[in-house]
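Everything on this sheet refers to the single structure shown next.
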Amino acid sequence: MRFVIVTGMSGAGKATALKTLEDAGFFCVDNLPIQLIKRFAEIAYDEQIQVDDVAISVDIRSGRALSQLNSCLADIRREGMNYEILFIECSNATLVKRYKETRRNHPLSVKGGRIIDGINKERELIGFLKEEADYIIDTTNLLVREFKAELDKIFVQNEEYSNFIITVMSFGFKYGIPRDSDIVQDVRFLPNPYYDLELREKTGNDKEIQDYVMNCKEGPEYLEKFIDLITFLIPNYIKEGKNQLVISIGCTGGKHRSVTIANAVYARLQKSKYTVRIVHRDILKDSIVKKL
């Protein structure tokens, strides 16, 4: 049996996580009072009850009782009942945006106060749960379907999971560098298919463009050197406490060279133990601008 404690930042996606686990066959309870968690675990582990998997949501709504959670979890583990902690993380900027879009107040924001103050206070209060978490999923750059896919990997497919998500993003410099970039690469030194009229309307997702860009000495050589650099950096980022990495690869318009290289980097990193996603931010923008 799996006993999962779902927690994390308000607005990060805990409700989505709990609903996804419920759809996967877990018996789920939202906002279970701290004082009842140990008793709930005893019932769940009772062989006569025959519950397969359970998940409970615990967060800042517990109020002052949250300070009792550490001793409660220690008692549970002392009695031989195992549990897993899933912590849902999200950046401050994204959380503020989500709250403003829904016009909701943060649970810890003083009436009329700033949302960010409530978020910062919450981080302080639940920081101990993140330190103890078995799984950390940062939803800052994840689509809902991608978030659900990560949950499926962990709790349905039982795959090995690393608390580190890599986003490989292609972009066009003329549309600006992505603000959330951790690593930015400029591949405008590679041959540009734009000047071949037969290739201009195609993208880096097409084989013709990929062949054009990579059939030069610099393309494959750059890819090998860059993969070697990333391979060196990732463990050091993790050691410093990062749980996600955004690699932005840019060319002029974000349609040909950057898409080709981003796809190649994505394909290589998929062989690692980390979760990797691909985003082509500007791949269609040139076509849209022309129509306008």
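The opening residue of the sequence shown carries number 3 in the numbering used here; numbering runs sequentially from there.
All C-beta atoms, glycine included, are put in the ideal place defined by N, C-alpha and C.
- With a 10 Å radius around the Cβ and a threshold of 16 neighbouring Cβ atoms, Ala95 comes out exposed.
- For Ile185, the closest alpha carbon among the candidates Arg259, Val170, Leu68 is that of Val170.
- Residue range 209-216 is occupied by the alpha helix (DSSP H) that includes Asp213, with no beta strand (DSSP E) assigned at that position.
- Minimum Cα-Cα distance from Thr18 among the listed residues Glu91, Ser73, Ala76, Asp188 corresponds to Glu91.
- By the neighbour-count criterion, in which a residue is buried when 16 or more other Cβ atoms sit within 10 angstroms of its Cβ, Lys16 is buried.
- Within the region 145-202, the runs of beta strand (DSSP E) that reach at least 3 residues and sit entirely inside it are, in chain order, 167-174, 185-188.
- Residues of the same chain with a CB within less than 6 Å of the CB of Thr205, apart from the 5 flanking positions on each side, are Lys257, Val261, Ile285 in chain order.
- Shown here for Ser183: same chain residues with a beta carbon closer than 7 Å to its own, the five before and five after excluded, namely Val248, Ser250 in chain order.
- For Tyr137, the uninterrupted beta strand (DSSP E) run begins and ends at 137-140, by DSSP.
- For Gln70, the secondary structure class from DSSP, reduced to helix, strand or coil, is helix.
- Within the DSSP secondary-structure output, Phe42 pairs in no beta bridge.
- Using a C-beta cut-off of 8 Å, the region 125-135 makes no contact with the region 203-217, since fewer than three inter-stretch Cβ pairs fall below that distance.
- Here the alpha carbon of Ala264 sits roughly 50 Å from the alpha carbon of Ile45.
- Across the set Lys40, Tyr276, Gly13, the C-alpha of Gly13 shows the shortest separation from the C-alpha of Thr141.
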